[in-house]
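Contents: one structure, followed by commentary.
Residue numbers (this note's numbering), protein chains in the order written: chain A, 12 to 469; chain B, 12 to 469.
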């Protein structure tokens with residue numbers, strides 16, 4: 012099957028020593044994030060009330076191209092990195108395509124996803140600042156698990172507000188977090204003013220991500236020595252996740268492979284942004300050209316059907332506003348089994364790259380995503396996360412196009428994680444009970460019409 | 012942290028091309044397995060009614076030292092092998108031990124354990140023989156999952172009888188099997204005569220492994236083109252699992268490391284036997300000396316408290332008899348969360364090596380096992396299976412002994428799998444509700460006294 016091994020592993024001394032900040036190479040920068048009170052660009056000082064100072068600096072720095080990865084983080088990365096770039100020989104054979112398919116597999120760690128790459132960085136800076144702990148929210152639980160692992164490593168307190176419906180229906184993720192010493196609280200809780208208010212207004216509510224974010228932020232601001240951390244959307248997260256793209260590029264370069272198509276699933280943009288950063292950087296510098304595809308669920312189509320405007324990042328409206336492709340912070344995505352992709356907006360960096368036409372976007376329906384997931388699991392031996400399977404779906408479609416045209420394209424996609432904690436979704440698919448949901452234009456218009464009126468000239 | 016990388020990966024061209032059959036190097040061979048009807052050594056012909064012919068031959072071959080691994084299996088192995096040999100730098104630091112700790116991690120595949128190494132071999136020979144499918148039983152579900160993956164790859168029908176209590180309480184494993192196309196039936200079922208009989212005698216029973224084995228064997232023998240397959244205990248399984256030990260030895264040799272202590276958890280013996288085979292071979296040939304430790308649960312202590320005698324391999328008494336360390340096939344281990352280690356006997360190969368004092372055995376209680384598991388998860392970033400954590404417990408204990416003596420021993424242990432599907436057990440530990448169970452001498456005596464009377468002179 013050729014000279015390229017099934018799995019391309021970098022040596023430890025070939026691992027990236029710096030993160031790459033794609034904003035530095037963008038002539039037109041992402042619009043600044045705004046203080047929700049003043050609607051003016053937020054400052055490091057203001058941001059430092061919510062985030063660790065070093066992370067606040069990273070968040071606002073759009074000129075420094077490379078940040079050294081601290082020794083402690085490089086050491087932790089060696090626990091589960093470099094991750095393999097896998098040549099999907101079995102999938103190619105199954106499809107009968109002349110295309111060469113590669114996937115960067117980020118699931119070989121106990122958090123089960125790429126989230127750990129940023130969790131360990133955020134925990135490190137919190138520790139360095141002498142904090143006692145951090146707070147966060149989690150929906151499906153990938154981010155909460157990753158953060159629990161990272162905090163355990165640095166002996167930091169970790170308080171996770173877990174959307175109540177997940178807390179009750181996904182006890183396994185919860186127990187992994189507890190095993191790593193995290194305090195997991197179902198949200199809305201009685202710990203916070205906002206939680207108590209929501210519980211009073213909506214007795215018996217099973218919560219939402221927006222509410223959990225608001226509780227986590229309140230918990231951070233009301234305890235000495237705590238800050239809030241977030242696993243996606245933020246530019247600092249994309250910076251940390253650039254390790255995915257840098258490793259991918261190094262592995263391809265090692266075997267002289269030039270990617271043609273690069274595919275990533277996109278919820279808040281953490282994986283996609285990380286994967287494509289170095290490739291987008293080459294495009295921005297005029298050094299290369301790639302066909303980059305963001306894949307989102309048809310049920311939550313921020314890039315393909317949203318608008319590019321300032322919006323709140325959370326439904327509680329406590330976090331800064333960002334200019335991004337959004338469906339409106341009040342948009343409630345209909346049931347979708349890829350919990351990690353149910354976000355109303357998109358990273359401002361990814362949004363701006365999309366607006367500059369450095370990438371294109373497509374949306375896929377969940378039954379076709381699970382068809383792809385099942386095929387992939389059977390031939391490649393990895394049971395993929397529903398989120399990751401969005402990228403698989405489009406990689407398969409692109410490879411089938413190559414079969415028609417006879418092109419031997421190099422298709423690279425991000426396999427962000429494993430689906431071991433998503434078996435309820437697989438069960439629904441196996442039982443033939445999975446349905447597709449696509450929001451109507453009216454629904455989208457309703458939430459988009461409520462976007463904040465921000466008169467900003469940047 | 013020294014020149015040895017965190018993870019030692021072999022190149023694909025350094026992977027074993029042959030399995031190693033340790034029996035060939037044993038002067039005193041394991042006693043032959045007996046036909047349960049005639050109590051005479053079973054022949055390949057007799058065994059071929061239950062097992063694939065090629066596997067029956069491997070089962071009875073105690074003279075051929077090496078078997079070529081067929082191309083198709085080598086190709087499949089590349090999907091998830093070579094598995095890493097990890098230097099446990101973080102654990103060493105946590106313990107403050109001068110010992111060097113290494114673990115062979117077999118959990119980086121969707122079955123979550125080493126079981127896939129033999130499942131793919133058994134499926135391959137079934138396919139080669141032109142069979143339609145195979146039947147098996149599964150308790151905790153690791154073996155069933157591995158077999159489902161293997162059968163899916165070779166497009167073989169896979170019928171899994173899953174102990175009813177697991178079927179109901181562990182729906183996730185069941186769904187993974189279904190995703191790979193397996194038919195999963197709760198046992199006892201109404202599909203088989205034995206199942207119907209048990210359901211009639213014990214209405215509402217939640218089943219047992221022994222009953223599931225009997226149903227799977229009956230299902231294989233009553234359908235044209237089907238055979239029964241088993242994931243542990245058998246000598247053929249140890250042969251396939253030798254790939255673990257061969258890779259481990261190759262990785263150690265690559266860096267000039269001489270193991271001092273080799274530790275494996277032991278239920279039926281598949282992992283332990285596979286891990287230690289090449290090392291035991293060196294000892295048998297007088298080339299080297301190792302301190303090999305089998306670790307079993309105190310709740311099911313076949314090596315440490317059993318007797319070495321002929322016994323039935325299954326409670327239904329349909330499989331051949333084997334001479335092994337056993338607690339009696341009627342022994343019902345009390346509740347223990349390491350489902351994969353709840354077997355009344357031990358591989359006849361491991362038993363004979365133990366009898367020849369090539370290895371020693373120890374038993375550990377489950378709360379101390381979960382303490383070790385939690386520590387390991389926190390510092391090494393991998394949430395281990397309860398089974399594997401038995402080996403972790405003893406590896407930690409041995410490393411702490413080195414701390415006292417100042418010896419820089421090289422301790423190698425087998426990390427057979429991940430615990431993602433064992434979170435109920437972790438929850439019990441996290442809640443402080445886990446208890447230890449040790450059978451009394453009277454209990455053991457009761458089941459041991461019922462061993463079959465076999466007058467064999469071999």
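C-beta atoms are modelled at their ideal positions from N, C-alpha and C, and glycine is treated no differently.
- The beta carbon of residue 108 of chain B does not come within 8 Å of any beta carbon belonging to chain A, so the residue lies off that interface.
- With a threshold of 8 Å between beta carbons, residue 64 of chain B makes no contact with chain A.
- The CB of residue 266 of chain A never comes closer than 8 Å to any CB in chain B; the least such distance is about 13 Å.
- Neighbourhood of residue 163 of chain B in chain A, by CB distance below 7 Å: 389, in chain order.
- Rounded to whole angstroms, the Cβ separation of residue 147 of chain B and residue 141 of chain B is 19 Å, and the two are not in contact under 8 Å.
- Residue 162 of chain A: member of the alpha helix (DSSP H) spanning 153-165, first to last residue.
- Looking at B:52, B:357 and B:381, the one whose alpha-carbon comes closest to that of residue 71 of chain B is B:52.
- DSSP assignment within the stretch 20-65 of chain A yields the following whole alpha helix (DSSP H) runs of 4 residues or more, N-terminal first: 55-58.
- With respect to the C-alpha of residue 36 of chain A, the residue from A:387, A:66 and A:293 having the closest C-alpha is A:293.
- For residue 395 of chain A, the beta-bridge partners assigned by DSSP are A:429.
- Around residue 392 of chain B, the beta-carbon contacts reaching into chain A at under 7 Å are 90, 91, 120, 121 and 160.
- Per the DSSP secondary-structure output, residue 170 of chain A pairs in a beta bridge with A:146 and A:194.
- Contact residues of the stretch 178-192 of chain A toward chain B are 182, 183, 184, 185, 186, 187, 189, 190, 191 and 192 (C-beta to C-beta distance below 9 Å).
- Cβ-Cβ separation between residue 130 of chain A and residue 161 of chain A: approximately 4 Å, consistent with a contact (criterion under 8 Å).
- For the 8 Å CB-CB criterion, residue 361 of chain A and residue 455 of chain A do not form a contact.
- Taking 8 Å as the threshold, the shortest C-beta distance from residue 441 of chain B to chain A falls below it.
- Annotation: Cβ neighbours of residue 431 of chain A in chain B (cutoff 9 Å, chain order): 121, 123, 183, 187, 429, 431 and 432.
- Under the three-state reduction of DSSP output, residue 315 of chain B falls in the helix class.
- A contact is defined here as three or more CB-CB pairs under 8 Å, and the stretch 24-32 of chain B meets this definition with respect to the stretch 237-256 of chain B.
- DSSP places residue 276 of chain B inside the beta strand (DSSP E), whose first and last residues are 272-276.
- Secondary structure note for residue 332 of chain A: its beta strand (DSSP E) is the uninterrupted segment 332-337.
- Residues of the stretch 250-282 of chain B whose Cβ lies closer than 9 Å to any Cβ of chain A: none.
- In the three-state reduction of the DSSP assignment, residue 421 of chain B falls in the strand class, which pools E and B.
- At the C-beta level, residue 334 of chain A and residue 321 of chain A come within 8 Å of one another.
- For residue 288 of chain B, the enclosing alpha helix (DSSP H) stretches over residues 281-295.
- Between the alpha carbons of residue 309 of chain A and residue 435 of chain A lies a distance of about 20 Å.
- Residue 17 of chain B belongs to the set of residues whose beta carbon lies under 8 Å from a beta carbon in chain A.
- In terms of Cα proximity to residue 214 of chain B, the closest of B:225, B:200, B:226 and B:220 is B:200.
- As the crow flies, the alpha-carbon of residue 448 of chain A is around 7 Å from that of residue 345 of chain A.
- With a minimum length of 4 residues, the unbroken runs of alpha helix (DSSP H) contained wholly in the stretch 88-116 of chain A fall at 100-106.
- Shown here, residue 269 of chain A sits in coil according to DSSP, grouped into three states, outside any helix or strand.
- Taking the C-beta atoms as reference points, residue 236 of chain B is found no nearer than 8 Å to residue 126 of chain B.
- Taking a contact as a CB-CB distance under 8 Å, the pair residue 170 of chain B and residue 144 of chain B counts as one, their CB atoms being some 6 Å apart.
- Not a single CB atom of chain A sits nearer than 8 Å to the CB of residue 25 of chain B.
- Assigned with DSSP and collapsed to three states, residue 302 of chain B falls in strand.
- What residue 301 of chain B touches in chain A, judged by beta-carbon distance under 7 Å, is nothing: the nearest beta carbon there is about 28 Å away.
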